[in-house]
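Engineer:
There are 2 protein chains.
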Amino acid sequence: MPPPPPITNTIRRLRFDHGEMTQQELAHRIGMTRQTIAAIEQNKYSPSLEAAFRIAEVFGVEIGEVFQWKKSGP
Amino acid sequence: MPPPPPITNTIRRLRFDHGEMTQQELAHRIGMTRQTIAAIEQNKYSPSLEAAFRIAEVFGVEIGEVFQWKKSGP
DNA sequence: CCGTCATGTATATTATTTTTTACATTGATG
DNA sequence: CATCAATGTAAAAAATAATATACATGACGG
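Order-wise, the sequence lines are chains A and F. The numbering used here runs 54 ahead of the 1-based position in the first sequence. The numbering used here runs 54 ahead of the 1-based position in the second sequence.
(1) Taking CB distances under 7 Å as the criterion, tell me whether L80 (chain F) reaches chain A.
(2) From what residue to what residue does the alpha helix (DSSP H) around Q96 (chain F) run?
(3) Rounded to whole angstroms, what is the Cα-Cα separation between A106 (chain F) and Q89 (chain A)?
(4) If you draw a straight line from the C-alpha of E74 (chain F) to the C-alpha of G114 (chain F), how long is it?
(5) Am I right that E95 (chain F) and I65 (chain F) are in contact with their C-beta atoms under 8 Å? What's the rounded C-beta distance?
(6) Return yes when the Cβ of K124 (chain F) is within less than 7 Å of the Cβ of P57 (chain F), no when it is not.
(7) Which chain A residues sit within Cβ distance under 8 Å of I61 (chain F)?
(8) What's the call for R121 (chain A), buried or exposed, on a 16-neighbour Cβ count within 10 Å?
(9) Of all the CB atoms in chain F, is at least one closer than 7 Å to the CB of P65 (chain A)?
(10) Could you say which of A:E111, A:A92, A:A110 and A:K98 lies nearest to Q77 (chain A) if we only look at CA atoms?
(11) Going by DSSP, what residue range makes up the beta strand (DSSP E) through R62 (chain A)?
(12) Taking the alpha-carbon positions, what's the M86 (chain F) to G85 (chain A) distance?
(13) Go to G118 (chain F), then tell me how far its alpha helix (DSSP H) extends in each direction, as first and last residue.
(14) Using the C-alpha atoms, what's the distance from S100 (chain A) back to R108 (chain A)?
(15) So the candidates are A:D71, A:L80 and A:K98; which of them puts its Cα closest to the Cα of T62 (chain A)?
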């Protein structure tokens, strides 16, 4: 089991803000499988940059609104 | 040789805009190797989302200012 | 000319992401 | 209760990213 990545996301909220879009539907729109969406939502790992761009595009927002970087404190 | 990814970047320009920062220096700051930076600059592949966040952080800009998504035309 | 620094490049190897296949759980609905 | 849709999960395989090591080139200064 890999350590959780230092990136969180709001995909779940965005899906429901967009008419309760299912994982299936989102996955289909960006050319991924449902399992991959599920894994990303649960922070099993963070997606590739390309996948991140496509997800943001589906919801019409910036990448920063989908994924949040946890900086290491000063 | 893999096909070039549909993402371009402005790392090269950003480096020179920031005091001609070398690939070595950038790589060191984000915990990557010089070869990886070189490969990304030349679009051999696109970085992980985490790497992308760290690069943007170094230059103090949004991810969208470092990486540009080429949408498929209408 | 010689050495050094920055970069390009190549190959092999490791790590990470994604797919595929498959089964379990939960909530709604007939 | 049976069924269906949406989600969680798991293991193996495929695809992609990243490292390590190594050698080459051009620019630049001593």
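Note that CB positions come from ideal geometry on N, CA and C, so glycine has one too. Given the structure is predicted, the values throughout are model-derived calculations rather than measurements.
Structural biologist: The structure says:
(1) no
(2) That residue, Q96 (chain F), is in no alpha helix (DSSP H); it is neither H nor E in DSSP.
(3) 24 Å
(4) One Cα belongs to E74 (chain F), the other to G114 (chain F), and the distance between them is close to 15 Å.
(5) 5 Å
(6) no
(7) L103, E104 and F107
(8) One detail in the question is off: residue 121 (chain A) reads as Phe in this sequence, not Arg. Buried, because 16 or more other Cβ atoms sit within 10 Å of the Cβ of F121 (chain A).
(9) Looking at the sequence shown, residue 65 (chain A) is not Pro but Ile. Not closer than 7 Å to any Cβ of chain F, the Cβ of I65 (chain A) fails to qualify, so no.
(10) A:A92
(11) A quick correction: the sequence has Thr, not Arg, at residue 62 (chain A). That run of the beta strand (DSSP E) goes I61 to N63.
(12) 29 Å
(13) I117 to V120 is the span of the alpha helix (DSSP H), which, as asked, contains G118 (chain F).
(14) 14 Å
(15) A:K98
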